[in-house]
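Undergrad:
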Amino acid sequence: MRFQLGRTIFKIIVLSCLASVTTQCADRATSVQKQFPGVCAKDLGVGNNSSVWMVSCGKANESGDFYLFTWNGSKWDMIPGFGSDIAVAPNGTPWITNSGGQIYKGNGNNGWEQVAGCARDIAVGNNSVWVLGCKQSGAKDFEILSWQGSQWNRVEGAAARIAVEPNGTPWIVNSSGQIYKRSGDSWQQVSGCAKEIGVGENGSAWILGCKSAGAGGFEILSRQGSKWTTLPGAATGIAVEPNGTPWVISIEGKVFRL
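Throughout the sequence shown, residue numbering follows mature numbering (1 follows the signal peptide of the UniProt record, and there is no 0), covering -26 to -1, 1 to 232 in sequence.
#1: Quick one: residues in its chain with C-beta nearer than 7 Å to the C-beta of Asn65, no 5 flanking neighbours on either side, listed in chain order?
#2: With DSSP collapsed to three states, give me the class of Gly75.
#3: Using only CA atoms, which one of Ala63, Asn84, Arg94 lies nearest to Ile77?
#4: Using a Cβ-based criterion (distance less than 7 Å to any ligand heavy atom), does Lys114 qualify as near the ligand COA?
#5: Going by DSSP, name the residue or residues bridged to Asp95.
#6: For Glu117, name the three-state secondary structure that DSSP assigns.
#7: State the Cα-Cα distance for the pair Ser5 and Pro68, rounded to the nearest angstrom.
#8: CA-CA distance, Glu87 and Ser196?
#9: Any beta-carbon of chain B closer than 8 Å to the one on Phe40?
#10: With a cut-off of 8 Å on the beta carbons, I'd call Gly99 and Asn141 a contact; round off their distance for me.
#11: Which residue comes first and which comes last in the beta strand (DSSP E) that contains Cys31?
#12: Counting Cβ pairs, one atom from each stretch, are 3 or more of them under 8 Å apart for the stretch 141 to 150 and the stretch 105 to 115?
#13: Does DSSP put Asn127 in a helix, in a strand, or in coil?
#14: Which runs of the beta strand (DSSP E) fall wholly inside the stretch 129 to 210 and span at least 3 residues, in chain order?
#15: Apart from the five residues on each side of it in sequence, which residues of its chain come closer than 7 Å, Cβ to Cβ, to Ser25?
#16: If you count every other CB in all the chains shown that lies within 10 Å of the CB of Lys185, and 16 or more means buried, which is it?
#17: To the nearest angstrom, report how far apart Phe56 and Phe40 are at their CA atoms.
#18: Quick one: what's got a C-beta closer than 6 Å to Lys155's C-beta in the same chain, skipping five residues either side?
#19: Which class does Ser(-11) belong to by DSSP, given the choice of helix, strand or coil?
#20: So, Ser157 versus Val214, is the Cβ gap smaller than 8 Å?
#21: Give me the Cβ distance between Leu106 and Ala133, rounded to the nearest whole Å; I'm assuming they're in contact under 8 Å.
Now the structure itself:
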């Protein structure tokens, strides 16, 4: 992440989704309560009290980093810095990684402080941070690491995506779509097949399944007991509030709260 707070002049760019919502997508979105207009999203992180942050579709450089925004209640505000992946702690603190694997934590003043390590994906609970590191395990999965105050501890296993419950319990999805939840010192497999995952309190889990549900999007599923229930719509990204409320990114990059 190459920026200097207070000295860098940022060029404000209006970022909007050029594609309109298709009739099919609009017909399916029966459970949508609110759409957040104006900026196209690639990744999303949500904390308590609807503290929402996004990695936008607007390229910040040719390395694969994108501009960052936060929702102020009525519109998206551009935030200094850029990244490739984002997660938000229950207290609203954002964490990001960039295309080079560098990790940053929000300092409360729309600034960032770097954290040691290298990550491809990041997830945060209450005082619990987990990442998929930069070291590959197999063709498409990465090592799993847990932050222990001042260093990262390697945990057995490998994954392609990771999410963390508010209580700190991690869930992972590997490149084959298999889903696992941490139980004690081991991983317990959960039924289903997923591309993306988000979790809230009490094990409230939401996934984007492996089945296509539109051009470039995947089906949205909620875990009910031991089964997955399919919801109307298709999405490319998902994040879950600590209370279990899901937010999704549509095929067109628009943000919805379900």
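Using N, Cα and C, we set each Cβ at its ideal position, and we do this for glycine too.
TA: Answer, in terms of the structure:
#1: Gly21, Asn22
#2: coil
#3: Arg94
#4: Of ligands this structure carries none, so the ligand COA is not represented either.
#5: Leu106
#6: DSSP places Glu117 in strand when its eight states are reduced to three.
#7: Confidence at Ser5 is low in this model, with a pLDDT of 33, below 50, so the placement of that residue should be treated as unreliable; the coordinate-derived value is given next. Rounded to whole angstroms, Ser5 to Pro68 spans 27 Å at the Cα level.
#8: Between Glu87 and Ser196, the C-alpha separation is close to 35 Å.
#9: The displayed structure is made up of one protein chain only, and chain B is not part of it.
#10: About 6 Å separates the two Cβ atoms, so the contact holds.
#11: The continuous beta strand (DSSP E) containing Cys31 extends over residues 26 to 33.
#12: Under the three-pair Cβ rule at 8 Å, the stretch 141 to 150 counts as touching the stretch 105 to 115.
#13: strand
#14: 135 to 138, 144 to 147, 153 to 157, 160 to 164, 168 to 173, 179 to 186, 192 to 198, 201 to 209
#15: Same-chain partners within the cutoff: Val62, Gly66.
#16: exposed
#17: 5 Å
#18: Trp145, Gln162, Val164
#19: For Ser(-11), the predicted structure reports a pLDDT of 26, less than 50, and the residue's modelled location is therefore unreliable. The matter cannot be settled from this model.
#20: Not in contact: Ser157 and Val214 (Cβ atoms no closer than 8 Å).
#21: 6 Å
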